[in-house]
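Undergrad:
Residue numbers (the working numbering): 54 to 413.
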């Protein structure tokens with residue numbers, strides 16, 4: 054018999070590699086020197102490593118490491134031109150340049166059940182089940198815009214001596230690693246609500262009805278390294294099916310911070326939150342019923358072999374009755390039982406802009 058799975062056997066490692074080459078040029082300029090110099094090409098390698106472990110039989114816990122490396126073969130520096138008072142781009146420098154970035158995260162989740170069962174078996178509602186799935190994670194990503202990495206540099210931008218940042222790999226096919234260090238905790242909460250009722254139509258005598266397909270709060274994150282207002286907006290969504298083929302979706306986004314009368318966000322929490330956007334959509338789908346009848350016979354030259362399964366348009370000797378030929382041809386080539394569906398969807402949205410005191 055196989056033994057218990059060891060911790061390192063639960064580690065999952067994948068690799069994805071991509072090569073892209075892109076050029077924008079007219080047909081007559083495809084093989085010109087200018088087109089070849091402006092061509093964007095490179096490799097991107099992605100290696101996600103993850104694992105999932107069960108703690109105390111109820112909590113799923115797992116770390117994840119994402120490593121990405123880009124290979125480019127040219128870069129372009131920028132310098133300040135004191136004569137023309139502008140920024141000039143130097144000629145491309147060709148070589149082998151590798152840009153890498155990584156991030157790390159830890160995630161824990163569990164499932165909590167709440168259940169109600171009717172004591173009397175004759176009641177219409179026999180049971181209600183409430184399922185809650187909380188998820189908490191911690192993530193960290195270094196700041197790859199630091200000078201030591203060489204992905205981002207500074208150049209003088211005006212005659213006053215001001216500087217701006219730029220990347221020698223701007224416009225590269227896979228972009229550059231994101232700037233800014235982040236260390237955040239994230240949380241989300243997903244819920245479903247189901248009901249079991251008596252049903253004479255079901256062979257088991259019971260029928261399951263989903264009252265709420267999903268009520269989701271989050272993902273909400275808090276950035277510990279933010280100067281202020283590190284708490285993100287709070288997304289909320291509700292998805293339910295009122296009855297067969299009719300669904301409703303409700304979405305809203307809450308801002309947890311207060312705003313001044315001028316519409317500027319300030320570092321003061323506001324409970325239960327300010328609605329900055331919301332939308333509601335519902336739709337219905339009409340569809341044909343499934344037809345299990347025997348399809349029309351399309352071969353008019355085939356005579357029945359067994360009288361028990363005889364084609365009604367043939368006599369026992371395999372000859373077609375001329376009077377029924379027209380009716381047969383109509384059924385053989387016109388099939389009105391093809392499946393079809395027709396649906397419609399209606400959406401209403403709302404958004405608030407505190408800067409101009411307007412809503413849409």
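Even glycine gets a Cβ: it sits at the ideal position worked out from N, Cα and C. If you're wondering where the values come from, they're calculated on a predicted model, not measured in any experiment.
With DSSP run on the structure shown, which of helix, strand or coil describes residue 88?
TA: Here residue 88 sits in helix by DSSP.
Undergrad: In three-state terms, what does DSSP make of residue 223?
TA: If DSSP states are grouped into helix, strand and coil, residue 223 belongs with coil.
Undergrad: Span of the beta strand (DSSP E) holding residue 340?
TA: Note, residue 340: beta strand (DSSP E), 318–340.
Undergrad: So, at 6 Å on beta carbons, what are the nonlocal neighbours of residue 290 in its own chain, with the 5 sequence-adjacent residues on each side left out?
TA: Closer than 6 Å at Cβ, skipping near neighbours: 269 and 304.
Undergrad: Specify, as a first and last residue, the run of the beta strand (DSSP E) that residue 137 falls within.
TA: From DSSP, residue 137 is part of no beta strand (DSSP E); its letter is neither H nor E.
Undergrad: Exposed or buried, what is residue 220 when buried is set at 16 or more other beta-carbons lying within 10 Å of its beta-carbon?
TA: Label assigned to residue 220: buried.
Undergrad: Just tell me which of 92, 120, 112 and 194 has its CA closest to the CA of residue 70.
TA: Nearest of 92, 120, 112 and 194 to residue 70, Cα basis: 120.
Undergrad: Which residues bound the beta strand (DSSP E) around residue 189?
TA: Its beta strand (DSSP E) spans residues 178–194.
Undergrad: Mind checking whether residue 323 and residue 310 have CB atoms under 8 Å apart?
TA: Going by C-beta atoms, residue 323 is nearer than 8 Å to residue 310.
Undergrad: Taking its Cβ as the centre, do 16 or more other Cβ atoms sit within 10 Å of residue 149, making it buried, or is it exposed?
TA: Exposed, because fewer than 16 other Cβ atoms sit within 10 Å of the Cβ of residue 149.
Undergrad: Give the straight-line distance between the Cα atoms of residue 107 and residue 341, rounded to the nearest whole angstrom.
TA: Roughly 46 Å between the two C-alpha positions.
Undergrad: Residue range of the beta strand (DSSP E) that residue 157 falls in?
TA: 146–162 is the span of the beta strand (DSSP E), which, as asked, contains residue 157.
Undergrad: Which same chain residues, not among the five before or five after residue 162, have their C-beta less than 6 Å away from its C-beta?
TA: Around residue 162: 113 and 188.
Undergrad: Report the three-state DSSP secondary structure of residue 124 (helix, strand or coil).
TA: In the structure shown, residue 124 sits in a strand (DSSP, three-state: E or B).
Undergrad: Using only the alpha-carbon positions, how far apart do residue 225 and residue 399 sit?
TA: Distance between the alpha carbons of residue 225 and residue 399 is about 41 Å.
Undergrad: Using C-beta distances below 6 Å, list every residue in its chain close to residue 229, excluding the 5 sequence neighbours before and after it, in chain order.
TA: These residues qualify, in order along the chain: 204, 220 and 222.
Undergrad: Can you grab the Cα-Cα spacing for the pair residue 73 / residue 279, in whole Å?
TA: The straight-line gap from Cα to Cα measures roughly 35 Å.
Undergrad: At the level of alpha carbons, what is the spacing between residue 174 and residue 156?
TA: So the two alpha carbons sit approximately 54 Å from each other.
Undergrad: Taking residue 165 as the reference, give the member of 111, 89 and 334 with the closest Cα.
TA: Checked all of 111, 89 and 334; the closest Cα to residue 165 is 111.
Undergrad: With a threshold of 7 Å on Cβ separation, who are the neighbours of residue 282 within its own chain once the five nearest residues in sequence on each side are excluded?
TA: Closer than 7 Å at the Cβ level, and outside the excluded window around residue 282, lie 310, 318 and 320.
Undergrad: Given residue 118, which residues of its chain have a CB within under 6 Å of its CB, disregarding the five upstream and five downstream residues?
TA: Taken in chain order, the residues that qualify are 102 and 157.
Undergrad: Can you list, in chain order, the residues of its chain with a C-beta nearer than 6 Å to that of residue 246? Leave out the 5 residues immediately preceding and following it.
TA: Closer than 6 Å at Cβ, skipping near neighbours: 183, 264 and 265.
Undergrad: Closer than 6 Å by C-beta to residue 68: which residues in its own chain qualify, once you throw out the five before and the five after it? Chain order, please.
TA: These residues qualify, in order along the chain: 100.
Undergrad: Distance, Cα to Cα, residue 240 vs residue 287?
TA: If I take the Cα positions, the gap works out to 10 Å.
Undergrad: Within 8 Å, do at least three Cβ pairs link the region 192–209 to the region 167–181?
TA: No contact exists between the region 167–181 and the region 192–209.
Undergrad: Should residue 141 go down as buried or exposed, given a rule of 16 or more other Cβ atoms within 10 Å for buried?
TA: Exposed, since its Cβ has fewer than 16 Cβ neighbours within 10 Å.
Undergrad: Threshold first: 3 residues or longer. Then list the beta strand (DSSP E) segments lying entirely within the region 278–321, N to C.
TA: As far as the region 278–321 is concerned, its whole beta strand (DSSP E) runs of at least 3 residues are 287–296 and 299–312.
Undergrad: Leaving aside the five residues before and after residue 127 along the sequence, list all residues of the same chain whose C-beta is less than 6 Å from its C-beta, in chain order.
TA: These residues qualify, in order along the chain: 145 and 147.
Undergrad: If you measure between the beta carbons of residue 195 and residue 234, is that distance less than 8 Å?
TA: Yes.
Undergrad: Cβ of residue 124 within 8 Å of Cβ of residue 96?
TA: Going by C-beta atoms, residue 124 is nearer than 8 Å to residue 96.
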